[in-house]
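A.B. asks: Quick one: this structure, given as structure tokens, is what I'll be asking you about.
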Amino acid sequence: MKKPRLGLAVFAAVGIILLVLVGIKINQGIKSRGQAASQMTLRPRNDPISVQVELVSRGTVEEIAVLSGSLEPCYQVDVSPRRAGRLAGVEVEAGQRVMPGDVLAVMEHDDLLLQEQQSLASLAASRGSFKRAQAQRDKVQADYERIKRLYEERAATQQELKNVQNQLEEANIQLEIAKAQLDQAEANYELLQLQLRQAVIEAPVAGVVMELNAVPGSQVGANAPLAAIAGIDPIEVVFFIPERDIGRVAVDQELTVYVDAFPDRAFPGAVARLGAAIEPRTRTLQVRGRIPNEGLLLRPGMFAKVELVTARAEEVLTIPREALMTSTAGYYVFVAKEGAAHMQTIQIGLQGAERVQVLEGLQEGDAVITVGQQRLQDGRPIRVIGHGDGGGSR
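With our numbering applied, the sequence shown corresponds to residues 17 to 410, in that order.
Printed below as a string of structure tokens:
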């Protein structure tokens, strides 16, 4: 009975030893494969990296400030009737262009026309009276000169001279009365003419009718707002610049306006005037730009994006903005030369939206890498697969 037990024990021991040996072998295989993989990972690769390049060229670089603003009329004039009355007709519509002197509306004025006829009759009568008084005075003046001469020759008595003097004084008085009546008649007529002109409400300035509070047949009061005429060609864009940038903005400086209504269209203009004082709460200065608006596409109240050229350099070395790299030491680029990428530190000037001015570190014709440079190190082999046009501005 003891022999079978001993055989089983020996058999179990041999099995355990075999399992241990197999485990050791498997573990060694895993370690060797891991080391091989690590060696493959750490082994440096020198395969060329595909890149695109663009040549350093001369051009124009503009620094542009992007600001928010709103559109406003250059001016706005409120038009009101000078006298109260009822509107006989309205000759314009809101949104219509007008010129100085164009008729906007007409007040009822039949009563004035009647008064005008009466005034004309009175004026004609006064002119007739004045002419008769003037003729009478001239006749008496001649009689006086004749009697005076005869009196000096002792051919007329003193009483005759005195009588003609009295007649002359009376004739002058009547002439003055007739002249005063004529002046009054003329003044009355001129007043009626003024009232008739005021019955026709005209545009005082050129512009666009922005508001119209006029309905034929309605009663309007003197000086009540009837219409508003605004100058929107050109139109103004109002925006604010930070205090630190005031020295970079001047009258006639170029700007460009964009509005949501026409997203693919740029509206060029220029700075028209600068504000007189800094806004104390925001520390900004108001700027007004003026934009031609012949087609009246731009309307007051629109929000606008303003691009203001704050600095410009012409005929300078430039590179594409995407070629520019930064580090703690400053700016650098990768230059493609003899099949490798070479890191080059540079000094830059103006930075535009698409191009950057180069002050030092590059020469015209150098090929700077614009695509693929993020994976490069100095001296890394490269393969150029594309070229930029090497031109442009901004």
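Positions of the beta carbon are idealized from the N, C-alpha and C atoms, including for glycine.
1. Buried or exposed, going by whether 16 or more other CB atoms sit within 10 Å of the CB of Ile-364?
2. With burial defined as no fewer than 16 other Cβ atoms inside 10 Å of the residue's Cβ, what is the status of Ile-163: buried or exposed?
3. What residue range is occupied by the uninterrupted beta strand (DSSP E) comprising Arg-306?
4. Going straight from the alpha carbon of Ala-329 to that of Arg-371, what length do you get?
5. Helix or strand or just coil, what does DSSP make of Ile-294?
6. Measuring straight from C-alpha to C-alpha, what distance separates Pro-308 and Arg-281?
7. Residue ranges of each beta strand (DSSP E) run of no fewer than 3 residues wholly in the region 201-254, ordered along the chain?
8. Could you check how far apart the C-beta atoms of Pro-316 and Ala-244 are, in whole angstroms? I think they sit under 8 Å.
9. Under 8 Å by Cβ, that's how I've got Asp-94 and Pro-241 pegged, so tell me the actual separation to the nearest angstrom.
10. Considering Cα atoms alone, identify which of Leu-136, Gly-368, Ala-140, Gln-379 is closest to Thr-361.
11. With the cut-off set at 8 Å, would you say Val-275 and Met-341 are in Cβ contact?
12. According to DSSP, is Glu-132 part of a helix, a strand, or is it coil?
13. Taking 8 Å as the cut-off, decide whether the C-beta atoms of Asp-426 and Ala-81 are in contact.
14. So, at 6 Å on beta carbons, what are the nonlocal neighbours of Arg-399 in its own chain, with the 5 sequence-adjacent residues on each side left out?
15. Do you know offhand how far Val-156's Cα is from Leu-129's?
16. Do you know whose CA, among Tyr-347, Ser-96, Arg-113, lies nearest Met-123's CA?
17. Which residues bound the beta strand (DSSP E) around Met-318?
18. Check whether the Cβ atoms of Leu-301 and Gly-285 sit closer than 8 Å, and answer yes or no.
19. Are there 16 or more other CB atoms within 10 angstroms of the CB of Ser-84, so buried, or fewer, so exposed?
20. Taking the DSSP output, what are the residues bridged to Gln-92?
21. Who are the near neighbours of Ala-110 in its chain, counting only those whose CB is closer than 8 Å to its CB and skipping five residues on each side?
22. Would the beta-carbon of Leu-71 fall within 8 Å of that of Asp-382?
23. Out of curiosity, what's the CA-to-CA distance linking Gln-211 and Phe-146?
24. Only counting the same chain, and skipping five residues up and downstream in sequence, which positions put a Cβ closer than 7 Å to that of Glu-79?
C.D. replies: Judging by the given coordinates:
1. As a first step, residue 364 must be located in the sequence shown, where it is residue number 348. Its Cβ being crowded by 16 or more others within 10 Å, Ile-364 is buried.
2. Locating residue 163 in the sequence shown gives position 147, counting from the first residue. Its Cβ being crowded by 16 or more others within 10 Å, Ile-163 is buried.
3. Locating residue 306 in the sequence shown gives position 290, counting from the first residue. Boundaries of the beta strand (DSSP E) around Arg-306: 300-307.
4. Along the sequence shown, read from residue 1 onward, the residue named residue 329 stands at position 313. Along the sequence shown, read from residue 1 onward, the residue named residue 371 stands at position 355. Whole-angstrom Cα-Cα distance: 11 Å.
5. Here residue 294 is taken as the residue at index 278 of the sequence shown, counted from 1. The answer is coil: DSSP assigns Ile-294 none of H, G, I, E or B.
6. Sequence index remark: in the sequence shown, residue 308 carries index 292 (1-based). Sequence index remark: in the sequence shown, residue 281 carries index 265 (1-based). Cα-Cα distance, rounded: 14 Å.
7. 216-218, 223-228, 243-247
8. Position 300 of the sequence shown, counting from 1, holds the residue named residue 316. Position 228 of the sequence shown, counting from 1, holds the residue named residue 244. Not really, about 11 Å apart at Cβ, beyond 8 Å.
9. As a working mapping, residue 94 is identified with position 78 in the sequence shown. As a working mapping, residue 241 is identified with position 225 in the sequence shown. Asp-94 to Pro-241, Cβ: 5 Å. Contact.
10. To locate residue 361, count along the sequence shown from 1; it is residue 345. Shortest Cα-Cα distance from Thr-361 to any of Leu-136, Gly-368, Ala-140, Gln-379 involves Gln-379.
11. Residue mapping note: residue 275 aligns to position 259 of the sequence shown, counting from 1. Residue mapping note: residue 341 aligns to position 325 of the sequence shown, counting from 1. It is not a contact, given that the beta carbons lie outside the stated cut-off.
12. Residue numbering aside, residue 132 sits at position 116 when the sequence shown is read from its first letter. Helix at Glu-132.
13. Outside the shown range of the chain (17 to 410) lies residue 426, about which nothing can therefore be said.
14. Walking along the sequence shown from the start, residue 399 turns up at place 383. Within the same chain, Arg-399 has close Cβ partners Pro-64, Ser-66.
15. As a working mapping, residue 156 is identified with position 140 in the sequence shown. As a working mapping, residue 129 is identified with position 113 in the sequence shown. The straight-line gap from Cα to Cα measures roughly 41 Å.
16. Position 107 of the sequence shown, counting from 1, holds the residue named residue 123. It is Ser-96 whose Cα lies nearest to the Cα of Met-123.
17. Residue 318 sits at position 302 when you count from the first residue of the sequence shown. That residue, Met-318, is in no beta strand (DSSP E); it is neither H nor E in DSSP.
18. As a first step, residue 301 is located in the sequence shown; it is residue number 285 there, counting from the start. As a first step, residue 285 is located in the sequence shown; it is residue number 269 there, counting from the start. Contact flag unset, no.
19. Here residue 84 is taken as the residue at index 68 of the sequence shown, counted from 1. Counting Cβ neighbours within 10 Å, Ser-84 comes out exposed, since fewer than 16 surround it.
20. For the purposes of this step, residue 92 is taken as the residue at position 76 of the sequence shown. Note: Gln-92 sits in a beta bridge opposite Ala-246.
21. Counting from one through the sequence shown, the residue named residue 110 turns up at place 94. Closer than 8 Å at the Cβ level, and outside the excluded window around Ala-110, lie Val-225, Met-226, Glu-227, Leu-228.
22. As a position in the sequence shown, residue 71 is number 55, starting the count at 1. As a position in the sequence shown, residue 382 is number 366, starting the count at 1. Yes; because the gap between Cβ atoms is below 8 Å, this pair is in contact.
23. Here residue 211 refers to the residue found at position 195 of the sequence shown. Here residue 146 refers to the residue found at position 130 of the sequence shown. The straight-line gap from Cα to Cα measures roughly 26 Å.
24. Position 63 of the sequence shown, counted from the first residue, corresponds to residue 79. So the list reads Thr-326, Ala-327, Leu-366, Gln-367, Gly-368, once near-sequence residues are dropped.
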